[in-house]
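Numbering (the UniProt record's numbering), first residue to last: 1 to 155. The structure appears right after this line, and notes come after that.
Put into structure tokens, the structure is as follows:
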């Protein structure tokens, strides 16, 4: 699996190796071993523009994910995460913004791997998977999850 990371912001340090490791683990566990994943770390104005253009949602969000092809073992996909939103939300939950950003990457890659979070049981499974992969990366998540909260746009 080829994983490209495009850091298009300067507000937050990005640990590219950690992102690659956790994304590779998620996709490998889901049966995806070939293909290309692009992870873009952007600012709020950029993710807002993408959210409007692709989903007709007129607000910034934490993470967007787009599967271009997903026939195991091959996946072509994109995950876009907002560093600005990570910085803002991390303060609310009392953990480092780098961990919040990693949570967004995990969440987006889980969507590409087939996880959903519309129904209550799907949300519970998504939270459990997020926790599993954050812990794999050496990160203990906060007690209250920060992605896909009711006031945040659904994925």
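Just so it is clear, CB atoms sit at the ideal spot from N, CA and C, and this is done for glycine as well. Quick caveat, the model's predicted, so the values are computed rather than measured.
In the DSSP assignment, what residue or residues form a beta bridge with residue i?
i: residue 69; result: 76
i: residue 2; result: 36
i: residue 51; result: According to DSSP, which records beta bridges pairwise, residue 51 is partnered with nothing at all.
i: residue 27; result: None; residue 27 has no bridge partner.
i: residue 14; result: Its beta-bridge partners do not exist; DSSP assigns none.
i: residue 22; result: Partner(s): none; residue 22 has no beta bridge.
Taking its Cβ as the centre, do 16 or more other Cβ atoms sit within 10 Å of residue i, making it buried, or is it exposed?
i: residue 23; result: buried
i: residue 68; result: exposed
i: residue 55; result: exposed
i: residue 120; result: exposed
i: residue 77; result: buried
i: residue 148; result: Reliability fails at residue 148, whose pLDDT of 46 lies under 50, so the model's placement of it is uncertain and no value is given.
i: residue 100; result: buried
i: residue 2; result: exposed
i: residue 52; result: exposed
i: residue 58; result: exposed
i: residue 9; result: buried
i: residue 35; result: buried
i: residue 60; result: buried
From this set, the options, which residue's C-alpha is nearest residue i's C-alpha?
i: residue 115; options: 16, 11, 29 and 99; result: 29
i: residue 65; options: 26, 105 and 131; result: 105
i: residue 87; options: 44, 112, 110 and 119; result: 44
i: residue 71; options: 81, 80 and 33; result: 33
i: residue 110; options: 79, 8 and 139; result: 79
i: residue 141; options: 125, 123, 82 and 96; result: 96
i: residue 129; options: 93, 36 and 26; result: 26
i: residue 39; options: 83, 138, 117 and 89; result: 83
i: residue 49; options: 81, 73, 75 and 21; result: 81
i: residue 46; options: 85, 17, 75 and 73; result: 85
Please look up how many angstroms separate the CB atoms of residue i and residue j, rounded, as I've assumed it's under 8 Å.
i: residue 6; j: residue 98; result: Not a contact, Cβ separation roughly 17 Å.
i: residue 107; j: residue 41; result: With 8 Å as the limit, residue 107 and residue 41 do not qualify as a contact, their Cβ atoms being about 14 Å apart.
i: residue 134; j: residue 112; result: 17 Å between Cβ atoms; not a contact.
* Contiguous alpha helix (DSSP H) assignments of at least 4 residues, all confined to the segment 78-146 -> Taking only runs of at least 4 residues, the alpha helix (DSSP H) segments lying wholly in the segment 78-146 are 83-93, 97-112 and 120-136.
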